[in-house]
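One line per chain: the protein sequences are A and B, in this order. According to our numbering, the first sequence is numbered sequentially starting from 18. According to our numbering, the second sequence is numbered sequentially starting from 2. C-beta atoms are modelled at their ideal positions from N, C-alpha and C, and glycine is treated no differently. It should be emphasised that the depicted structure is a prediction, and the values quoted were computed from it without experimental measurement. Below is one structure; the comments refer to it alone.
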Amino acid sequence: MAIPLKYNLRNLLVRRTSTLFTAGSIALTVAVFITLTALATGLRTAFISTGGERNLIVLRQNSDTETNSSVTPAEFQNIKYLDGVARDGAGMPRASAETIVLINLPRLDNPQGSNVIIRGLAPAGFALRPQVQVAAGRWFRPGSREVVVSEKVARRFVSTGLGDRLRFGKSEWAVVGAFDAGGTAFDSEIWCDVNQLMNDYNRTSYSSVLAETTGAQALAALADRIKDDRRLKLDAFSETAYYAKQTSSATPVQALGIFIAVLMAIGAAFAAMNAMYTAVANRTREIGTLRVLGFSRASIWLSFAIESTVLSLLGGILGCLVTLPINGISTGTTNFSTFSEIAFQFRVTGELLTTGLVFSALIGFFGGSLPALKAAREQIVTALKTRG
Amino acid sequence: MKFFRLVWRNALRNKRRSLLTVTSLALSLFLLTTLLTVVTELERPPDSQEAMLRLVVRNAVSLGTPLPVAYQQQIEQVPGVALTTRMQWFGGVYVDEANFFAQFGCEPVKLARMYPEYKIDPAQLDAFVRDRTGALAGRVLAERFGWRVGDRITIQGRIFPVDLQLTIRGIYDAPDASAVFFDQQYLDEGLKALDRDGEIGTFFVKARAPEDVPRIMDAVDARFRNSLAQTKTETEQAFQLSFVSMLGNIKTLIISISSVIVFTILLVVANTVGMSIRERTTEIAVLKTMGFRRRLVLGLLVSESVCLGLLAWLVGSVGARLLYGGIDFAKLNFPFIRQLEVTPQSLAVGFGVAMLIAVASTFVPAYRAARMTIAAALRNI
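Laid out in structure tokens, this is it:
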């Protein structure tokens, strides 16, 4: 027969100082784990959510990223009219040739700054990315020296607000709008007219081509066709795959998080173990009494193991609560595949909170199982003779 | 000191508890020391006199935007400049993307003068200078990939649409020997066919004396202020740090984690110490009956925690120093971390934290126990 859970809860309440301290140390461990994982998850989500399912991105062979790539206007004309590229209402191919330039902008928190992607594109490019919407002001006018800045970039970088003038290329550009890209990688970019940008940087080639295909099969077929064409020397991937590949930026943060969390968890498990050993020692007589009442060794073991798990879960819940407010805080780091800024948000997901709780329960279970074993092994007679 | 035995035996009276506390504290101190060391490594100043003389000139727009090669002559005319060399980050891939390492196109003749701290066999250096398709590889890389002098390697271009076929002509030793140098002109020839030659990512500049460094920085940038390509000149250290700062606010992140860790150990230790003192109320009363002063009792109890803290510090912080000293990080190829040297400062911080926690966690329960009247304490069974 199992010992009622109430017995454990009341015991935790009686030694409240010890309970609070132990749960507190577990709470902090869980909080550090959740924070660092939320950072990595946010970064990964920014990349994974970026690609359009039917979009195909075309780059120069072996260039890996848009920043390294170049595609000539002739190649663009060629790609545009290939089979499988979707057409709009007027029968025009839904394809956009784009140019990427990296510029170093001073950050509000660091004058050294970071590299930000300037994407030159034509309005056809907006249509391929329905997740990007103007949040303030308006889109740039084609052919003008105007830029639209992501809201997240505007919050982190100097002179990128609506009405500011940004200096890059041959002269100044007016910031006429702010866009919201719904947490995707485009939230780290500044957009402007492609021809103006190419002219400023004396470019004769685009960086990449983005095209919408008529479906998944068409996408695969078109990608193969472009890759296999020896005259083109181009690579083509689904946009989703292209961005998914860049999630490796999140690996170091995730690794750091796991390293710290594991070490802290072992420390916290020892703390729980200490608290539980003391609890067992103080309650030796009670344990004897419980045995006399007919509770088996197994139920004693279970009772103490549960008590420790509950104690740690308390800490876990506390840790989850503490980290909730960081959800949605936006920050940025450098995407080392393109050497450019990537803005993202901390993401505390339900799944992550569950992991945190399970993590804390495990700490408690492992910390508690040895002391529980000690409790279960007590001899009735000696236990009853113990003082206290 | 005559009480040392008493303190020591008391510290170890509940061996299991002391072991758990010390291990827990040691783990946290280990973590703390590691984090502090990582921050120190990321901001490590150059260790040689030579490195302080080096400057990097790049395009003010960003590293991805090149400078005209013709700037070199003008930079060389700036007073205080001893030497300049073109330096091009190639960013290519050797066999597999996972094999990331730095490849620089340089001017081989000037390499030894730019980096006098590099140890290169003169015959090998000579062979490197003579062979336009030659390469000079760092010892760390040569060991990692099993390269020998005379081996041929291919590095596939990513930033540039050119693949480099290189012959290893020499292997150099340096504190951070994990790069491959090749002749920048070899790359330029490949780019000529594509009409993309005549540009360079950076110029490395060497000043004659440390006091020339700030003057050169201003003079170079002033010279190109009204040109199409404006320059940004910074010290080699600032240049390297700019990559770390691109990561975001790493320092704040690490420092906040560290403070959480410190607070966590405070909770853990305070809890154990509190438990152990509460159990000994009677004993403390006996000590006082025997004539031990309040202060002495307090001192004895605090010393006990200090002993445990010291032990944990030895295992955690000093252990970290020994552990990291024995690991060759260059081979592990971590991003940004070439070595982890636990500095005396980090050890001192670890020691400070250990002592602070020992004292802070013990003071309240010990003070309460020491203040209790004998009668009350003895009654407390």
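Check whether residue i and residue j have beta carbons under 8 angstroms apart
i: Leu30(B); j: Gly317(B); result: yes
i: Phe203(A); j: Arg146(A); result: yes
i: Ser362(B); j: Leu267(B); result: yes
i: Ser179(B); j: Leu142(B); result: yes
i: Gly349(A); j: Glu358(A); result: yes
i: Phe204(B); j: Ile76(B); result: yes
i: Ser377(A); j: Gln362(A); result: no
i: Arg279(B); j: Pro366(B); result: yes
i: Ser329(A); j: Gly373(A); result: no
i: Gly186(A); j: Val165(A); result: no
i: Arg197(B); j: Asp81(A); result: no
i: Ser406(A); j: Ser224(A); result: Here chain A has residues from 18 to 405 only, and residue 406(A) is not among them.
i: Gln89(B); j: Leu229(B); result: no
i: Ala139(A); j: Pro159(A); result: yes
Close Cβ partners of residue i (< 8 angstroms) along its chain, the five nearest in sequence each way excluded
i: Ala240(A); result: Leu73, Ala253, Phe254, Ser255
i: Ala393(A); result: Arg314, Ala315, Ile317, Trp318, Phe321
i: Tyr98(A); result: Pro110
i: Glu189(A); result: Arg162, Arg182, Leu183
i: Thr295(A); result: Ser35
i: Val360(B); result: Val303, Ser306, Val307
Boundaries of the alpha helix (DSSP H) in which residue i is found, first to last residue
i: Arg394(A); result: 367–394
i: Gln150(A); result: No alpha helix (DSSP H) contains Gln150(A), which is instead part of the beta strand (DSSP E) from 150–154.
i: Tyr368(B); result: 345–372
i: Lys23(A); result: 22–31
i: Asp222(B); result: 213–224
i: Ser204(A); result: Contrary to the premise, residue 204(A) reads as Asp rather than Ser in this sequence. Looking at the DSSP string, Asp204(A) is not in any alpha helix (DSSP H), and its letter there is neither H nor E.
i: Gly101(A); result: That residue, Gly101(A), is in no alpha helix (DSSP H); it is neither H nor E in DSSP.
N- and C-terminal bounds of the beta strand (DSSP E) containing residue i
i: Leu378(B); result: The amino acid occupying residue 378(B) in the given sequence is Ala; Leu does not appear at that position. No beta strand (DSSP E) contains Ala378(B), which is instead part of the alpha helix (DSSP H) from 375–380.
i: Asp252(A); result: 251–255
i: Leu119(A); result: 112–124
i: Arg184(A); result: 182–185
i: Asp184(B); result: 180–184
i: Gln169(B); result: Reading off the sequence, residue 169(B) comes out as Ile, not Gln. Looking at the DSSP string, the run of the beta strand (DSSP E) that includes Ile169(B) is 165–173.
i: Glu229(A); result: 225–229
i: Thr203(B); result: 203–208
i: Asp127(B); result: First-last for Asp127(B): 123–131, but that is the alpha helix (DSSP H), not the beta strand (DSSP E).
i: Met88(B); result: 82–90
i: Lys233(B); result: 232–236
i: Phe361(A); result: 357–362
i: Ala195(A); result: 188–197
i: Pro128(A); result: 127–138
Close-in-space but distant-in-sequence residues of the same chain around residue i (CB under 6 angstroms, 5 per side omitted)
i: Val163(B); result: Gly191
i: Gly178(A); result: Ala171
i: Tyr119(B); result: Tyr173, Ala175
Cβ neighbours of residue i in the same chain (closer than 7 angstroms, five flanking residues each side left out)
i: Asn25(A); result: Ser320, Ile323, Glu324, Val327
i: Ile446(A); result: Residue 446(A) lies beyond the range of chain A shown here (18 to 405); nothing can be said about it.
i: Val350(B); result: Leu37
i: Gly232(A); result: Arg71
i: Ile375(B); result: Ala286, Lys289, Thr290
i: Lys111(B); result: Leu84, Thr86
i: Val70(B); result: Arg87, Gly199, Glu200, Ile201
Cβ-heavy atom distance, residue i to the ligand PLP, below 7 angstroms
i: Thr265(B); result: Absence of the ligand PLP from the depicted structure is noted, as is the absence of any ligand whatsoever, leaving it without description.
Inter-residue CB distance, residue i and residue j (contact presumed, cutoff 8 angstroms)
i: Arg173(A); j: Leu125(A); result: 6 angstroms
i: Thr54(A); j: Leu379(A); result: In fact, because the Cβ distance is near 15 angstroms, the residues do not count as touching under 8 angstroms.
i: Ala114(A); j: Phe93(A); result: 4 angstroms
i: Met233(B); j: Asp222(B); result: A quick correction: the sequence has Lys, not Met, at residue 233(B). Contact holds; Cβ gap of about 7 angstroms.
i: Ile211(A); j: Thr116(A); result: The question names Ile, but residue 211(A) is Val in the sequence shown. Sure, about 5 angstroms apart at Cβ, within 8 angstroms.
i: Ala44(A); j: Val339(A); result: 7 angstroms
ask   = If contact means a Cβ-Cβ distance below 7 angstroms, which residues of the region 156–174 of chain B contact chain A?
value = Gln157, Gly158, Arg159, Ile160, Pro162
Listed from N- to C-terminal order along the chain, which residues in the region 269–298 of chain A have their beta-carbon within a distance smaller than 7 angstroms of any beta-carbon of chain B?
Pro269, Ile277, Leu280, Met281, Ile283, Gly284, Phe287, Ala288, Met290, Asn291, Ala292, Tyr294, Thr295
Practice item. Mind checking the region 21–33 of chain B against chain A and listing, in chain order, the residues whose C-beta falls within less than 9 angstroms of any C-beta there? Key: Leu21, Thr22, Thr24, Ser25, Leu26, Ala27, Leu28, Ser29, Phe31, Leu32
message: To be precise: take each residue of the region 74–87 of chain A, compare its Cβ to all Cβ atoms of chain B, and keep it if any distance is under 7 angstroms. Which residues remain?
response: Arg77, Asn79, Ser80, Asp81, Thr84, Asn85
For the region 6–22 of chain B, which residues have a CB atom closer than 8 angstroms to at least one CB atom of chain A, in sequence order?
Arg17, Arg18, Leu21, Thr22
Mind checking the region 46–73 of chain A against chain B and listing, in chain order, the residues whose C-beta falls within less than 9 angstroms of any C-beta there?
-> Thr46, Ala48, Val49, Thr52, Leu53, Leu56
Near-chain B residues of the region 110–133 of chain A - C-beta to any C-beta below 7 angstroms: Leu119, Ile120, Asn121, Asp126, Asn127, Gln129, Ser131, Asn132
Q. At a Cβ cut of 8 angstroms, what residues of the region 22–44 of chain A count as close to chain B, listed as they run along the chain?
A. Thr34, Ser35, Phe38, Thr39, Gly41, Ser42
In the region 349–374 of chain A, which residues sit with their C-beta less than 7 angstroms from some C-beta in chain B, listed in chain order? Gly349, Thr350, Thr351, Phe356
Residues of the region 233–248 of chain B in Cβ contact with chain A at a cutoff of 7 angstroms, in chain order, please.
Ser243, Ser246, Met247, Leu248
Chain B contacts from the region 184–201 of chain A (Cβ-Cβ distance under 9 angstroms):
Phe185, Gly186, Lys187
- Item | Residues of the region 61–88 of chain B whose Cβ lies closer than 8 angstroms to any Cβ of chain A, in chain order | Ala61, Val62, Ser63, Leu64, Gly65, Thr66
Using a Cβ cut-off of 8 angstroms, which residues of the region 37–54 of chain B contact any Cβ in chain A, in chain order? none
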